[in-house]
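**Q**
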Amino acid sequence: MSGRGRHRRRIRIAVPVAAATLAAAVGGALLMSSANAATTQSAPTARPGHPSPGLATLEKRIAAAVASDGTAGPSTPKPSRGASTGTDAGTGAGTGAGTGTGTSAGATSGAGTSTSTGTGAGTGTSVGGSAATGSVDPKIIGGTTTTITTAPWMAQLWYTDDKGTSSTSDDTGFFCGGAVVAPTKILTAAHCVKGYDWKAHGAVLTGTGQLPSDGGTNLHGGTVSGVWRQWNHPSYSASAIDNDLAVLTLPGPVKAKPIRMTTSGDTASYASGTKATLYGWGRTTSTTQDIAENLKTATLPLQSDTTCGRYYGTDFVKGHMVCAGNPATGSDTGTTSACNGDSGGPLIVGGRIVGVVSWGVADCVKKGAYSVFSKVSTYVGAAFPRVDDTNLSGDHKADLFVRQASTKTLYEKDSNGTSFGARQSWGSWSTSNVVLQADLDRDGYQDVVERRSSSGDIHWWHFLPSTEKWADTKIFTNWKTRTRVVAPGDVTGDALPDLLSVDSGGVLWIYPGKGNGTFSARVEVGSGWNQYNSLRAHGDFSGDGKSDLIARSGTGSYVYLYKGTGKAGSGAFSARVKVRTWGGYNAFDAPGDVTGDGRADFLARTPGGTLYLYPGTGKATSEIFATRIKIGTDFGQYDIFG
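Read in order, the letters of the sequence shown correspond to residues -37 to -1, 1 to 605 in mature numbering (1 follows the signal peptide of the UniProt record, and there is no 0).
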């Protein structure tokens, strides 16, 4: 028999399968069906979903951004800030040369309005280390030229919008930096994203250390991508340039090697005097508007919050921002600093991103000034779900798989935030007793991890955009006796998705993913895990940027949080924390961030069939979940949740 279903990007599939029966176990982690089912499953078929703009379109966007005089960020400067001068990001970017002059009022550290003139230059306002209220041309004062091999994760973000009019007076165009933090994810600044439609007007260039030339058509070996989705921190303030962090999602993976964000518990990287590395393109002096064709780098010492606050006063928000660099001398001589429009670029310590360029002072060399960055350790908990937010419907909210016990039909139910939409059939999945969502190859398409009832083999269904077909790959053999199988995301801290399983003896194993559907040798976490009749995980429940586990004990129905540490082996999880007593439920699911607020959520079903959503709070205490929300009363008909 056959049925029709849907892939994440509105890709329709057909999945013919045979029949199977339901097991009696409730356990909640994955309700399991019995064996004696067929061991093969026909390959799904698909039709195209979300296409990316063509190369010609993306090159035109870059060319227009290169020639533009627009600005990124808020249009209204913060009144308390002083005066600045600057030019737009597009200034001379096509050739790497360009000249221009400009003046602006209102922004010693980031805001203002301006006018400018020049040859090969745009106009705009400047923001010392970024473009929060103006130009985003990338500049490093006192830096040295480097190559993309030293920073393969660097990305150029180009934006242009002619507003659909024949006049050029309302055109917008600018440039920001960014970093590849997963094959389809770019970390940047919120002021580069908020208020702009990157899907309609943006282009991301990776894999090259040179800015485009020849009117934007020569990409110097780089790869240009469109943008599929965008997210900025929900508390971003344009006036304060606070909570200045964003993530762009690309339509497909890039080859550039990703770099990881630091963790929430990282304090050592921010110790005063710690050497950090900055990367960017553009202007290398405060006295001209000349920009560099090639990627530049600089080393900056981290400064204490006290030092930063002493100079910037209330404009510097402790805990949200970090500043770096020796005090500027008032001229290029002796100054090493980020400058206008390194915006969104990363500050690196120990191979991880600790800061994102946010703002600074006029011309970047004002005596005593420092470059200011968003403090990534504070925001990694919010950004982490956006880096690992592949879902069935293709938005920022995690969706649900349910299988009907009587027909073995698998259904997709898309999240509406605090409810789920009408179910959509994926056809009969009667050969399976485990169905989980997991983007194992980090290509931005949601995969399906499935266990065959009769053989116990684990199969990985993944969509191939190049052929518009699904591939079925057996990744593990004979996991019949595994009492739990979990797809938690990245447990080991390497930014690659892992799998977990509990064997018949109660030992929990981590299978470190390689990001391509294969795994390194399994690593033992510890024994005693069969005391739990539910083990669910997908995402970060504690708000620290690491994947966690939620377990319910068979005796007492106690619910425990196991906080992830980002390590493998026996130290993969911290000591459990009791967060609930749930005796009134018999099935659970942890699909990820259902509400779209950046926190992992949880689902629980009563024996009577009522399903509740428990929104995550990001707290690793008994307050881990907010007040439950009733989803529906007809969920008793389903035997698999995933």
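Each residue gets a CB set at the ideal place from its N, CA and C atoms; glycine is no exception.
Note that the coordinates shown come from a computational prediction; the quantities given were computed from them, not determined experimentally.
Determine the closest residue to residue 27 out of 144, 166, 110 and 145, with distance taken between C-alpha atoms.
**A** By 1-based counting over the sequence shown, the position of residue 27 is 64. Residue 166 is the option with its Cα nearest to residue 27.
**Q** On the three-state DSSP scale, how would you describe residue 499?
**A** As a working note, residue 499 is residue 536 in the sequence shown. Note: residue 499 maps to strand in three-state DSSP.
**Q** In the DSSP assignment, what residue or residues form a beta bridge with residue 257?
**A** Taking the sequence shown and counting its residues from 1, the one referred to as residue 257 is at position 294. The partner list for residue 257 (beta bridge, DSSP) reads 173.
**Q** Where do the N-terminal and C-terminal ends of the alpha helix (DSSP H) with residue 424 fall, by residue?
**A** In the sequence shown, residue 424 corresponds to position 461, counting from 1. Following the DSSP letters along the chain, one finds residue 424 in no alpha helix (DSSP H) but inside the beta strand (DSSP E) bounded by residues 421 to 427.
**Q** Does the separation of the CB atoms of residue 220 and residue 244 fall below 8 Å?
**A** The residue given as residue 220 occupies position 257 in the sequence shown. The residue given as residue 244 occupies position 281 in the sequence shown. Against a cut-off of 8 Å, the Cβ pair of residue 244 and residue 220 comes out as no contact.
**Q** What does the alpha-carbon distance come out to for the pair residue 265 and residue 312?
**A** For the purposes of this step, residue 265 is taken as residue 302 along the sequence shown, with counting starting at 1. For the purposes of this step, residue 312 is taken as residue 349 along the sequence shown, with counting starting at 1. Computed Cα separation, rounded: 10 Å.
**Q** Going by C-alpha to C-alpha distance, which of 115, 275, 111 and 319 sits closest to residue 619?
**A** Absent from the structure is residue 619, since the part of the chain shown begins at -37 and ends at 605.
**Q** Can the beta-carbon of residue 109 be found closer than 8 Å to that of residue 172?
**A** If you number the sequence shown from 1, residue 109 lands on position 146. If you number the sequence shown from 1, residue 172 lands on position 209. Against a cut-off of 8 Å, the Cβ pair of residue 172 and residue 109 comes out as a contact.
**Q** Check whether the segment 362 to 382 touches the segment 329 to 338, counting contact only when three or more Cβ pairs, one atom from each stretch, lie closer than 8 Å.
**A** no
**Q** Only counting runs of 3 or more residues, tell me where the beta strand (DSSP E) segments fall wholly within the segment 374 to 457, in order along the chain.
**A** 387 to 391, 395 to 400, 411 to 415, 421 to 427, 432 to 439 and 447 to 452
**Q** Can you tell me whether DSSP reads residue 197 as helix, strand or coil?
**A** To locate residue 197, count along the sequence shown from 1; it is residue 234. Three-state DSSP puts residue 197 in coil, outside helix and strand.
**Q** I need the boundaries of the alpha helix (DSSP H) containing residue 271, first residue and last residue.
**A** For the purposes of this step, residue 271 is taken as the residue at position 308 of the sequence shown. 268 to 275 is the extent of the alpha helix (DSSP H) around residue 271.
**Q** Can you give me the Cβ contacts of residue 552 inside the same chain, cut-off strictly under 6 Å, excluding the 5 residues immediately before and after it?
**A** Reading the sequence shown from its first residue, position 589 is the one you call residue 552. Here the set comprises 566 and 604.
**Q** Spell out a yes or no on whether the segment 498 to 514 and the segment 472 to 483 are touching, meaning 3 or more CB-CB pairs, one atom from each, closer than 8 Å.
**A** no
**Q** Counting C-beta neighbours from all protein chains within 10 Å, is the total for residue 306 16 or more, i.e. buried, or is it exposed?
**A** For the purposes of this step, residue 306 is taken as the residue at position 343 of the sequence shown. Buried is the call here.
**Q** Buried or exposed: which applies to residue 453, given that a residue is buried once 16 or more other Cβ atoms fall within 10 Å of its Cβ?
**A** Numbered from 1 along the sequence shown, position 490 holds the residue referred to as residue 453. Per the 10 Å Cβ criterion, buried.
**Q** Note down, in chain order, each residue of its chain lying with its Cβ closer than 6 Å to the Cβ of residue 195, except the 5 sequence neighbours on either side.
**A** Locating residue 195 in the sequence shown gives position 232, where the first residue counts as 1. Correct list, in chain order: 153, 156, 157 and 209.
**Q** Tell me whether the beta-carbon of residue 466 lies closer than 8 Å to the beta-carbon of residue 441.
**A** If you number the sequence shown from 1, residue 466 lands on position 503. If you number the sequence shown from 1, residue 441 lands on position 478. No; because the gap between Cβ atoms is not below 8 Å, this pair is not in contact.
**Q** Report the partner residues of residue 541 according to the DSSP bridge assignment.
**A** What you label residue 541 is simply residue 578 of the sequence shown in a count that begins at 1. Its beta-bridge partners are 523.
**Q** Rounded to a whole number of angstroms, what is the C-alpha to C-alpha distance between residue 416 and residue 286?
**A** Mapped onto the sequence shown, residue 416 falls at position 453. Mapped onto the sequence shown, residue 286 falls at position 323. The alpha-carbon atoms of residue 416 and residue 286 are separated by roughly 56 Å.
**Q** Provide the residue(s) that pair with residue 472 in DSSP beta bridges, ordered along the chain.
**A** Locating residue 472 in the sequence shown gives position 509, where the first residue counts as 1. 464 and 487, per the DSSP bridge assignment.
**Q** Go ahead and label residue 296 buried or exposed: buried means 16 or more other beta carbons lie within 10 angstroms of its beta carbon, across all protein chains shown.
**A** Residue mapping note: residue 296 aligns to position 333 of the sequence shown, counting from 1. Residue 296 should be labelled exposed.
**Q** Taking DSSP's pairing of strands, which residues face residue 372 in a bridge?
**A** Here residue 372 refers to the residue found at position 409 of the sequence shown. DSSP output for residue 372 lists 391 as bridge partner(s).
**Q** Would you please state the rounded distance, in angstroms, between the beta carbons of residue 532 and residue 488? I believe it to be under 8 Å.
**A** The count along the sequence shown starts at 1 and reaches residue 532 at position 569. The count along the sequence shown starts at 1 and reaches residue 488 at position 525. Right, their Cβ atoms sit about 7 Å apart.
**Q** Thinking residue 237 and residue 217 are a contact (beta carbons under 8 Å), I'd like their distance in whole angstroms, please.
**A** By one-based count along the sequence shown, residue 237 stands at place 274. By one-based count along the sequence shown, residue 217 stands at place 254. Not quite, the Cβ-Cβ distance comes to about 30 Å (not below 8 Å), so this is no contact.
**Q** Roughly how many angstroms separate the alpha carbons of residue 240 and residue 314, rounded to a whole number?
**A** As a position in the sequence shown, residue 240 is number 277, starting the count at 1. As a position in the sequence shown, residue 314 is number 351, starting the count at 1. Their backbone Cα atoms lie some 9 Å apart in a straight line.
**Q** Taking the alpha-carbon positions, what's the residue 589 to residue 580 distance?
**A** As a first step, residue 589 is located in the sequence shown; it is residue number 626 there, counting from the start. As a first step, residue 580 is located in the sequence shown; it is residue number 617 there, counting from the start. The alpha-carbon atoms of residue 589 and residue 580 are separated by roughly 6 Å.
**Q** Between the alpha carbons of residue 324 and residue 107, how many angstroms are there, rounded?
**A** Locating residue 324 in the sequence shown gives position 361, counting from the first residue. Locating residue 107 in the sequence shown gives position 144, counting from the first residue. Between residue 324 and residue 107, the C-alpha separation is close to 21 Å.
**Q** State the Cα-Cα distance for the pair residue 169 and residue 162, rounded to the nearest angstrom.
**A** Taking the first residue of the sequence shown as position 1, residue 169 is located at position 206. Taking the first residue of the sequence shown as position 1, residue 162 is located at position 199. Just so you know, the alpha carbons of residue 169 and residue 162 end up roughly 17 Å apart.
**Q** Give the single residue among 418, 403, 592 and 470 whose Cα lies nearest to the Cα of residue 394.
**A** Residue numbering aside, residue 394 sits at position 431 when the sequence shown is read from its first letter. Comparing Cα positions, the closest option is 418.
**Q** Given this structure, state the Cα-to-Cα distance separating residue 600 from residue 181, to the nearest angstrom.
**A** To locate residue 600, count along the sequence shown from 1; it is residue 637. To locate residue 181, count along the sequence shown from 1; it is residue 218. Approximately 58 Å, taken between the alpha carbons.
**Q** Per DSSP, what are the beta-bridge partners of residue 607 in this structure?
**A** Nothing about residue 607 can be reported from this structure: the residues present for the chain run from -37 to 605 only.
**Q** How many angstroms separate the CA atom of residue 596 from the CA atom of residue 386?
**A** As a position in the sequence shown, residue 596 is number 633, starting the count at 1. As a position in the sequence shown, residue 386 is number 423, starting the count at 1. Each residue's Cα considered, the two are about 14 Å apart.
**Q** Can the beta-carbon of residue 142 be found closer than 8 Å to that of residue 117?
**A** On the sequence shown, residue 142 is found 179 positions in, with the first residue counted as 1. On the sequence shown, residue 117 is found 154 positions in, with the first residue counted as 1. Cβ distance < 8 Å, so residue 142 and residue 117 count as in contact.
**Q** Mind checking residue 587: buried by the 16 CB within 10 Å criterion, or exposed?
**A** If you number the sequence shown from 1, residue 587 lands on position 624. Result: buried.
**Q** In the DSSP output, what is residue 536 paired with across the bridge?
**A** In the sequence shown, residue 536 corresponds to position 573, counting from 1. Residue pairing by DSSP puts residue 536 in a beta bridge opposite 527.
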